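Colleague: Just so you know, we're using this note's numbering here: the sequence shown kicks off at 175 and counts up by one.
For each residue, glycine too, the CB sits at the ideal point set by N, CA and C.
Bear in mind the structure is a predicted one, so any value in this text is a computation, not a measurement.
What follows is a structure written as structure tokens; I'll ask about it next.
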Amino acid sequence: MKEYRKLLIKEIRQETADTKTFVLQAIDGAGISYRAGQFLTFVFDKGEQEKRRSYSFSSAPGIDPLPAITVKRVANGEFSRQFTDRFKVGDVLLSSGGSGFFVLPDSLATIKQIFLFAAGSGITPIYSLIKTILHHHHSIKLVLVYSNKNEKGTIFLNELRDLEKRYPDQLRIVWLFSDSKNLLQARLSRLVLEDILHRHQLYDKNEVLYYMCGPYYYMLMIQIVLKGQGIEQAHIKKENFNTDQPVITEPAAPDTGTHQLKIFFKGKEYQSTIAYPDSILTVAKNLGLAVPYSCEAGRCGACAATCLSGKVWMAYNEVLMDDEIAKGKVLTCKGHPLNSDIVISWDK
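So this is what it looks like as structure tokens:
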């Protein structure tokens with residue numbers, strides 16, 4: 175029997191016409207462990223098939239009394255519509271837990287400023303990060319660049335304005351509304367972004383971090399501009415909501431042979447064989463293990479584990495940074511053994 179946490183919907187807040195915040199509490203009474211910027215993965219039983227969807231925390235651990243996620247209704251979104259249209263206070267949901275790499279680094283000793291770029295519901299994990307930084311890192315300057323169609327549809331509009339008033343020396347918000355007649359205050363184009371960086375970046379690029387969450391091409395443009403400014407990839411973090419992304423053609427596998435796979439999960443050891451095209455995650459699921467995962471496309475990081483022995487080739491990776499890979503982190507949904515047997519742990 176797979177083990178998932180049962181989460182009770184304690185409160186629902188209407189943020190905009192199509193967006194709601196869900197305050198959650200674990201039925202077992204234990205806390206829900208997460209970091210600012212992460213997401214919570216929900217498990218839905220669809221008859222013979224199990225489906226998963228992940229939604230970012232808008233709450234900040236240690237600041238908000240209970241964890242909360244914020245969900246925007248998507249017209250063709252099967253599960254976002256369930257959240258916004260059907261779920262009510264008192265309903266119980268199944269979750270495999272919080273995860274994700276859209277978080278603050280373990281040390282911010284050398285960081286003096288952080289830029290945060292959000293479009294629409296992309297504000298959700300960034301709102302969590304903002305609250306955490308304002309409460310715990312008073313010396314770091316924040317610049318939020320927030321794009322929406324208009325004020326009426328802007329998630330956390332009043333809350334962010336309140337934070338800007340409470341922290342005038344630390345938080346600066348650049349509001350962009352696409353229905354504005356002033357083109358410099360409408361959309362985040364390359365020229366507008368370059369102007370924002372010129373006016374608001376106060377420190378050397380090595381002392382600044384850049385976080386972004388929004389549509390694929392929105393983030394692609396930001397990355398191109400930042401790279402053009404000489405910003406190193408290690409200083410750039412992005413969170414994918416898996417919308418409007420092009421289909422990626424995976425490269426040919428360098429190793430299609432059969433290898434031994436050893437898995438450590440929840441204190442127990444499991445063994446199996448593995449051969450391409452099966453991924454590490456596929457084998458773990460076939461063993462009946464309730465390991466964490468969500469997108470299965472190398473874009474969210476929910477399935478990440480640690481390689482303790484051997485080498486892993488990832489067919490696609492849009493999440494893990496070089497330093498994380500150097501520590502043995504792998505995306506199991508796109509991970510395959512490379513010329514060796516491998517040992518993988520979800521417990522590290």
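Inspect the beta-carbon positions of valine 317 and histidine 409 and report whether they are closer than 7 Å.
Modeller: No, the Cβ-Cβ distance between valine 317 and histidine 409 is not below 7 Å.
Colleague: State the DSSP-derived secondary structure class of leucine 331, mapped to helix, strand or coil.
Modeller: Helix, per DSSP.
Colleague: Distance check for arginine 247 and serine 381, CA to CA, integer angstroms please.
Modeller: Residue identity differs from the one stated: residue 381 is glutamate in this sequence, not serine. Answer to the nearest angstrom: the Cα atoms are 37 Å apart.
Colleague: Kindly indicate which three-state DSSP category tyrosine 390 falls into: helix, strand or coil?
Modeller: Here tyrosine 390 sits in helix by DSSP.
Colleague: Measuring from the CB of arginine 340, is there a heavy atom of the ligand SAM at a distance below 6 Å?
Modeller: By its list of ligands, the structure shown contains no ligand whatsoever, and the ligand SAM lies outside what it can speak to.
Colleague: Please list the terminal residues of the continuous alpha helix (DSSP H) segment that includes phenylalanine 261.
Modeller: Phenylalanine 261 -> no alpha helix (DSSP H), and no H or E assigned at all.
Colleague: How long is the line joining the alpha carbons of arginine 393 and lysine 305, rounded to whole angstroms?
Modeller: According to the sequence displayed, residue 393 carries methionine and not arginine. The straight-line gap from Cα to Cα measures roughly 22 Å.
Colleague: Does the Cβ of lysine 194 have 16 or more other Cβ atoms within 10 Å, making it buried, or fewer, making it exposed?
Modeller: Flag for lysine 194 reads buried.
Colleague: Please report the straight-line C-alpha distance between asparagine 326 and methionine 395, rounded to a whole angstrom.
Modeller: Sequence check: residue 326 is lysine here, not asparagine. Their backbone Cα atoms lie some 26 Å apart in a straight line.
Colleague: For tyrosine 467 versus leucine 482, is the C-beta distance shorter than 7 Å?
Modeller: No, Cβ-Cβ distance for tyrosine 467 and leucine 482 is not below 7 Å.
Colleague: Have a look at Lys225, Gln256 and Leu350 and flag the residue whose alpha-carbon is nearest the alpha-carbon of leucine 367.
Modeller: The candidate whose alpha carbon is nearest that of leucine 367 is Leu350.
Colleague: Methionine 175 to tyrosine 301, Cα distance in whole Å?
Modeller: Residue placement at methionine 175 is flagged as unreliable, the pLDDT there being 39, under the threshold of 50; a coordinate-derived value is accordingly withheld.
Colleague: Do the CB positions of glycine 475 and valine 493 come within less than 7 Å of each other?
Modeller: It is a contact, given that the beta carbons lie within the stated cut-off.
Colleague: Suppose you measure from the CA of alanine 478 to the CA of lysine 522; what does that come to, to the nearest Å?
Modeller: Cα-Cα distance, rounded: 10 Å.
Colleague: As a quick exercise: from Gly472, Pro342 and Ile297, pick the residue whose alpha carbon is nearest that of threonine 506.
Modeller: The shortest C-alpha separation from threonine 506 is found at Gly472.
Colleague: Check whether the Cβ atoms of leucine 282 and histidine 311 sit closer than 7 Å, and answer yes or no.
Modeller: In this structure, histidine 311 lies closer than 7 Å to leucine 282 by Cβ.
Colleague: What does the alpha-carbon distance come out to for the pair phenylalanine 261 and leucine 337?
Modeller: Their backbone Cα atoms lie some 30 Å apart in a straight line.
Colleague: Could you work out which residue in Leu383, Asn332 and Asp429 is closest to lysine 412 when comparing CA atoms only?
Modeller: Selected option, being the one with the closest Cα: Leu383.
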